[in-house]
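In my numbering, the protein residues as written are 57 to 181. Worksheet: one structure, shown below.
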Amino acid sequence: INLGVTICLACAGVHRRLGTHLSKVRSLELDTRQWSATQLALMVALGNQRVNRCYYARPPPCDEAIDATSAPAAREAFLRAKYERRAFTARRGQPPPPPPYVLAAAAAADDAAAIIEAMALGAPL
Numbered sequence: 057i058n059l060g061v062t063i064c065l066a067c068a069g070v071h072r073r074l075g076t077h078l079s080k081v082r083s084l085e086l087d088t089r090q091w092s093a094t095q096l097a098l099m100v101a102l103g104n105q106r107v108n109r110c111y112y113a114r115p116p117p118c119d120e121a122i123d124a125t126s127a128p129a130a131r132e133a134f135l136r137a138k139y140e141r142r143a144f145t146a147r148r149g150q151p152p153p154p155p156p157y158v159l160a161a162a163a164a165a166d167d168a169a170a171i172i173e174a175m176a177l178g179a180p181l
């Protein structure tokens with residue numbers, strides 16, 4: 057929910073193992089009473105396409121990507137690369153991450169997309 061994306065059940069387990077500092081997971085069906093208006097607004101404002109433009113800006117070769125038939129170990133390795141190491145962001149091989157004030161400014165402006173982009177680029181939390 058903190059990334060504003062919808063994921064499949066198989067990926068949800070991996071996201072839970074990533075830790076809440078990277079990814080917070082809620083079920084669309086089981087946790088319906090726990091969805092706040094703010095969380096729903098975040099899901100609408102971000103969504104998979106916008107978040108993937110940040111965290112998946114430079115996709116890996118096709119043989120490294122995952123799909124619905126991927127083995128659990130491959131799925132976990134891929135998602136850890138994507139969210140822990142930020143291996144597929146535009147920053148890969150680029151200058152250092154943005155300074156903390158970039159993230160703070162995005163938060164102060166209540167700009168969810170800019171917050172996700174700063175996080176994906178490695179802004180210190």
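Glycine is no exception: its CB is placed at the ideal position from the N, C-alpha and C atoms. As the structure is a computational prediction, the values presented were derived from the model and not from experiment.
- In this structure, the beta-carbon distance from A113 to I122 does not fall below 9 Å.
- By the criterion of at least three beta-carbon pairs nearer than 8 Å, the region 156-166 is not in contact with the region 102-116.
- By the 16-neighbour rule on beta-carbons within 10 angstroms, T145 is buried.
- The count of Cβ pairs closer than 8 Å, one atom from the region 124-144 and one from the region 154-162, stays below three, leaving the stretches out of contact.
- The continuous alpha helix (DSSP H) containing V107 extends over residues G103 to Y111.
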